[in-house]
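Residue numbers (my numbering), protein chains in the order written: chain V, -15 to 293; chain D, -15 to 293; chain R, -15 to 293; chain C, -15 to 293. Written below as structure tokens is the structure these notes are about.
There are 4 protein chains.
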Amino acid sequence: MAHHIFEPTHYHTTIGSHSPVLEVAAGDSVSTTTVDSRGGDASGALVTERGNPQTGPFLVKGAQPGDCLVVRLDQLHPNRRQGYTRGVIAPNVLEPGFVPQFDDLFDDDGEYIQWTVDTDAGTAHVAEPEGLLAGFTLPLEPMVGCFGVAPARGEAISTATSSMHGGNMDYRGFRQGVTVYFPVFVPGALFFLGDGHAVQGDGEIVGTGIEISFDVTFTLDLVKGKRISWPRAESDEYLMVAGNARPLDQAVQHATTEMVQWLQQDYALSARAAHVLLGQAVEYDLGNVFDPAYTMICKISKSVLARLA
Amino acid sequence: MAHHIFEPTHYHTTIGSHSPVLEVAAGDSVSTTTVDSRGGDASGALVTERGNPQTGPFLVKGAQPGDCLVVRLDQLHPNRRQGYTRGVIAPNVLEPGFVPQFDDLFDDDGEYIQWTVDTDAGTAHVAEPEGLLAGFTLPLEPMVGCFGVAPARGEAISTATSSMHGGNMDYRGFRQGVTVYFPVFVPGALFFLGDGHAVQGDGEIVGTGIEISFDVTFTLDLVKGKRISWPRAESDEYLMVAGNARPLDQAVQHATTEMVQWLQQDYALSARAAHVLLGQAVEYDLGNVFDPAYTMICKISKSVLARLA
Amino acid sequence: MAHHIFEPTHYHTTIGSHSPVLEVAAGDSVSTTTVDSRGGDASGALVTERGNPQTGPFLVKGAQPGDCLVVRLDQLHPNRRQGYTRGVIAPNVLEPGFVPQFDDLFDDDGEYIQWTVDTDAGTAHVAEPEGLLAGFTLPLEPMVGCFGVAPARGEAISTATSSMHGGNMDYRGFRQGVTVYFPVFVPGALFFLGDGHAVQGDGEIVGTGIEISFDVTFTLDLVKGKRISWPRAESDEYLMVAGNARPLDQAVQHATTEMVQWLQQDYALSARAAHVLLGQAVEYDLGNVFDPAYTMICKISKSVLARLA
Amino acid sequence: MAHHIFEPTHYHTTIGSHSPVLEVAAGDSVSTTTVDSRGGDASGALVTERGNPQTGPFLVKGAQPGDCLVVRLDQLHPNRRQGYTRGVIAPNVLEPGFVPQFDDLFDDDGEYIQWTVDTDAGTAHVAEPEGLLAGFTLPLEPMVGCFGVAPARGEAISTATSSMHGGNMDYRGFRQGVTVYFPVFVPGALFFLGDGHAVQGDGEIVGTGIEISFDVTFTLDLVKGKRISWPRAESDEYLMVAGNARPLDQAVQHATTEMVQWLQQDYALSARAAHVLLGQAVEYDLGNVFDPAYTMICKISKSVLARLA
């Protein structure tokens, strides 16, 4: 159970079978850093091209297609005070033809709202434009926007989007303490992560969270021979499945079907019990409704499962 | 502020400009009953045709198109012990081509799961098929599945679906204590309600909550001259907007646009402030992903709004 | 086989169980008129409220739920020279956020493009704004935008939209000479029609065809005991099915499933033969991508069917 | 204007920045072969892995990002007699929950319908299962299912899907004689093609056309400095644009917006004229409704454009 310290020297804007930057054993943890969505590091310097550049990939020895990669998000820590968001809700999230009328000089296409991220206070507030939401703060909820594993067939998938391999799911529930499960498609699994958000609303409807660079620590492990189809996750309170697709209806289908199978396989529920239970106890979160693939989360409370005989 | 006791003698399976069963003044409350989705009353007797039969309509004196009808759900109380749900997740919520394999003799098309609803204990559990989810209970969260006002143009819209007038939104957040706002389309508003659920999961993915008859009390009021486009609601914790459409993407568009306008009009936010705030603080709930129109809820925490200067 | 001449005195903007204006026998034909989408008659006078006002309903004696209503469109004839269209592609048909930039003073929300419809020449051309598409003509292809039968359950459905009962399908293939089949939901069927277009592009992407009043003649007949689910149609060249829903994907599902069943029931194809044949020979038309429900047409060439043994 | 004969030795199941197999000058033509979707060559031998393996990439000297690649499909010729299709309409094209009932022993998941492709007669007919569609033939309409150029950012996109770079569009209109335009994203453009179909219905609703290997000849050319966003094409009769996305609604948005821009840029239409003209004269074809991204074609007849002053 080694603990590796890794300092990245280059980044990737696709998730694919790129050369690993570090080989680790199942059970090892890694402490490293991620740059922000534009390639800015802890000092704010732009050190790589924009577009959710990823740290990694990390190769897990012994991982084979058909295994399940276990990623525990041990620590997600913004490592600077400057974050940024876009300042307008994306047009695909508003009524077709509804054009917002702003009374300021902010350039929606070229500018960002600047936020101060105060990790001591545990809050974020707008720094610029001056006067916007003056005196208002949001509690920090650091999360990882884009992470996942190399897909099959030699694909190299843009970090703008997501699919069965994970990717840019932009779900605010991927927080510190959560364990995420990915299907393994290639030997070594090849794990990437980046695109940290200090805060993000449901749906990432402005196209960003509060984008910022992170210090991260995660632990990588394997479940040999366990096939899953979509990213699964587990917090203290919930089992969660991410379905990634457009439209949201299809994301719901992916996530719900995977959850039914999870409950039948690992929680000894009959198909009937799984359907009846989910029918009255399932919950959904809207991950993102901005990226090329949208993300819906199907989840069930562990407290509900605990009450099963 | 009169309090009316109303005992229904007939029901409607469309929401339209039907003859009012009672005329009330703005500010009055009404105590009445609703039958279950199949037309069953407190005794279990089928007293009307199936399909979310509605109690009402209630005419509010003075209501005119362009006003806003205010409905406070004062009391939602299951009035019998027998509830029922469907026993299989709807095919449109699962992967196309995924056909669940059940190992029981339950008839998905013709039978219902029977639940015991214990309002003293505040729980529900499966009564039949025997042995299914044995020993398991869910806490009651009574909610109204279908309610709303007569639409414009003389339309009479099936209680299977929903739109700007409300209707079969099947959102678990429409609970006791919540205040709901509907646009008024016709003189008198003509308010209907029915389809009570003792419990319901997000999305109503089996096509039912725990369907049951209710004793209900609600208060009807008006905001004169206040135009809204989609049902809005308010609980102690949240402002909420319901968008009703297919696919879910479009429901998101309706709900989000209405929320932006609400914040600008009633919370003195500039367009920019509304966009930036929602971007990082908005939440969404999945009302239903089963009915002809799906329902997405866009909501914002009152605790967030309270922190605005 | 009587031939009725009917002169309408009022119109409906919902399709529902309204009082019949004329009772006819199966096999009878009717010659009547329809007003344009804004309620304008042959003289251009606005004689009723806007919104695809319908002529009818026509009651067919002996029609019962579970029968199939047969409507042959014998004659569709624009009866004046002035037509109109909207002048901008609807925002839901363009990229979210794409806002067209026009260099004229035309008011997209309040004005219409005026067309001259020359039934002698068989063409239409822009009359106003002057100079727009100067010298350009389109061949007339008169079609009926909105027609159908009263739905079940007492619904009265807006003539803005469509569903299993027909309605505002806005498919350019519903032309003179075509026979359309509707499911019968109520005794007498109750047939409505209106919303004639002198010309329309696929998809009705500006939200209108060239809107105009019509002289129409149609023949109504019945197939007793023949249940269908969605509007079917037949021209000299094609069998066609209309699926009406959002998104287009769902309209495709409705239309394709109905076509599979049609081929199996009436063309003696095995399920396998129907699937294999459609796989390589099916065609689709885009009816409308503007109305609340979109319309996709699934069709198969009669020349293909004629080659089956 | 050289003419190259190229014999492939390996294939790709992603479209990405792979090493070019041949460098050609703008204006050159290439004659080569493509394998079928499972990797079968003219002899039927499986020479590479399945999944629409592509011949190429062909590098066009001088091509730079921001140019437009011109591909003329000079010859598309099935080079063997054995083709195959799947035998069941894909579940996403049928009503959710509609499960076809076949009365044969054909294995939908593992088997293919076998077709005889007779290029002399110009027809295809089912060879196996024996007796299926006996005596029935379809005229050959050879088309290329998957072709396109390397995308930006180092992506390598699966040949199962499509996007702005082209890819698996499965549109029956990409036939011999058609000229297709792709945006260039990387130096040299890097053109791939494969997945020939002897015949295909609209929508590729069984998930295949009649899959077969091809002898192909194409000519590659450049328009320097011409930026386009989506694949465009031109036949003798039509201008066409392919929009690739899910749901179909979004594919319509991509294709229509690109067509508006094409008409304004290259046909000297004002924005108003383009909107008004398309409104009444646009046509749409359904490319595919099976692949991860669906394809809608927006097209306008050249005979319409020819009538513009």
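All C-beta atoms, glycine included, are put in the ideal place defined by N, C-alpha and C.
{"Check": "Quick check: proline 126 of chain D and methionine 148 of chain D, are their CB atoms within less than 8 Å of each other?", "Outcome": "no"}
{"Check": "By alpha-carbon positions, which one of R:Asp186, R:Gln245, R:Leu53 ends up nearest to isoleucine 284 of chain C?", "Outcome": "R:Asp186"}
{"Check": "By DSSP's criteria, methionine 127 of chain D is part of a beta bridge. Which residues make up the other side?", "Outcome": "D:Arg159, D:His181"}
{"Check": "What would DSSP say about glutamine 59 of chain C, mapped onto helix, strand or coil?", "Outcome": "strand"}
{"Check": "Using three-state DSSP, classify methionine 224 of chain D as helix, strand or coil.", "Outcome": "strand"}
{"Check": "Thinking aspartate 199 of chain D and asparagine 63 of chain D are a contact (beta carbons under 8 Å), I'd like their distance in whole angstroms, please.", "Outcome": "5 Å"}
{"Check": "Spell out the partners DSSP gives glycine 24 of chain C in its beta bridges.", "Outcome": "C:Leu30"}
{"Check": "CB threonine 163 of chain C to CB serine 13 of chain C, shorter than 8 Å?", "Outcome": "no"}
{"Check": "Whose Cβ in chain C lies nearer than 7 Å to the Cβ of serine 254 of chain R?", "Outcome": "Asp87"}
{"Check": "Within the same chain, show all residues whose beta-carbon is closer than 8 Å to that of aspartate 92 of chain C, passing over the 5 residues directly before and after it, in chain order.", "Outcome": "Arg70, Gly71, Val72, Phe86"}
{"Check": "Cβ closer than 9 Å: which chain D residues qualify as neighbours of threonine 69 of chain V?", "Outcome": "Val260, Gly263, Gln264"}
{"Check": "How long is the line joining the alpha carbons of alanine 235 of chain R and valine 31 of chain V, rounded to whole angstroms?", "Outcome": "48 Å"}
{"Check": "Just by C-beta distance, which residues in the segment 230 to 250 of chain D are closer than 7 Å to chain C?", "Outcome": "Pro231"}
{"Check": "Could you check whether tyrosine 68 of chain R and threonine 39 of chain R sit closer than 8 Å to each other, using their CB atoms as the reference points?", "Outcome": "no"}
{"Check": "Reducing DSSP to helix, strand and coil, say where histidine -6 of chain C ends up.", "Outcome": "coil"}
{"Check": "What residues in the segment 131 to 144 of chain R bring their beta carbon closer than 9 Å to a beta carbon of chain E?", "Outcome": "No chain E appears in the structure shown, which is made up of the protein chains V, D, R and C."}
{"Check": "Nearest CA to the CA of aspartate 102 of chain C: which residue from C:Pro113, C:Thr121, C:Gly94?", "Outcome": "C:Thr121"}
{"Check": "Can leucine 261 of chain V and leucine 117 of chain D be called in contact, C-beta distance under 8 Å?", "Outcome": "yes"}
{"Check": "From glutamine 184 of chain R to threonine -7 of chain R, what distance separates their C-alpha atoms?", "Outcome": "27 Å"}
{"Check": "I'd like the span of the alpha helix (DSSP H) that includes valine 207 of chain R, first residue to last.", "Outcome": "Looking at the DSSP string, valine 207 of chain R is not in any alpha helix (DSSP H); the run it does join, the beta strand (DSSP E), is 198 to 207."}
{"Check": "Identify, in the order they occur along the chain, each residue of the same chain with its Cβ nearer than 6 Å to the Cβ of glutamate 112 of chain C, setting aside the five sequence neighbours on each side.", "Outcome": "Gln98"}
{"Check": "Closer than 9 Å, Cβ to any Cβ of chain D: which residues of the segment 183 to 208 of chain V, in chain order?", "Outcome": "Val183, Gln184, Gly185, Asp186, Gly187, Glu188, Ile189, Val190, Gly191, Thr192, Gly193, Ile194"}
{"Check": "Which residues of chain C have a Cβ atom closer than 9 Å to the Cβ of proline 80 of chain D, listed in chain order?", "Outcome": "Ala74, Pro75, Asn76, Val77, Leu78, Pro80"}
{"Check": "Please name the residue or residues paired with valine 8 of chain C in a DSSP beta bridge.", "Outcome": "C:Val44"}
{"Check": "If distances are taken between C-alpha atoms only, which option among C:Gly157, C:Pro215, C:Glu188, C:Ala136 comes closest to glutamine 150 of chain C?", "Outcome": "In the sequence on display, residue 150 of chain C carries glycine and not glutamine. Of C:Gly157, C:Pro215, C:Glu188, C:Ala136, the residue nearest in Cα terms is C:Pro215."}
{"Check": "Jot down the residue ranges of each uninterrupted alpha helix (DSSP H) in the segment 223 to 266 of chain R, minimum 4 residues, whole runs only, in chain order.", "Outcome": "232 to 250, 255 to 265"}
{"Check": "Could you work out which residue in C:Arg230, C:Trp246, C:Gly23 is closest to arginine 211 of chain C when comparing CA atoms only?", "Outcome": "C:Trp246"}
{"Check": "Give the straight-line distance between the Cα atoms of alanine 134 of chain D and asparagine 228 of chain D, rounded to the nearest whole angstrom.", "Outcome": "16 Å"}
{"Check": "Identify whether alanine 290 of chain C lies in helix, strand or coil by the three-state DSSP scheme.", "Outcome": "helix"}
{"Check": "Just the Cα atoms here: how many angstroms apart are serine 213 of chain R and leucine 206 of chain R?", "Outcome": "15 Å"}
{"Check": "Could you name the residues of the same chain whose beta carbon sits closer than 8 Å to that of glycine 193 of chain R, not counting the 5 residues immediately before and after it, in chain order?", "Outcome": "Thr69, Met127, Gly129, Asp154, Arg156, His181, Ala182, Val183, Gln184, Gly185"}
{"Check": "Measuring only from the beta carbon, is isoleucine 212 of chain R closer than 7 Å to any heavy atom that is part of the ligand COA?", "Outcome": "The model depicted lacks the ligand COA and carries no ligand whatsoever."}
{"Check": "For the candidate residues V:Pro4, V:Ala105, V:Arg137, whose alpha-carbon lies nearest to that of glycine 172 of chain V?", "Outcome": "V:Pro4"}
{"Check": "With burial defined as no fewer than 16 other Cβ atoms inside 10 Å of the residue's Cβ, what is the status of glutamine 249 of chain C: buried or exposed?", "Outcome": "exposed"}
{"Check": "Using a Cβ-Cβ cut-off of 8 Å (strictly less than) and excluding sequence neighbours within five positions of glutamate 221 of chain C, which residues of its own chain qualify?", "Outcome": "Ser285, Lys286, Ser287"}
{"Check": "My guess is that threonine 203 of chain R and arginine 56 of chain R are in contact by the Cβ rule of under 8 Å, so how many angstroms apart are they, rounded?", "Outcome": "4 Å"}
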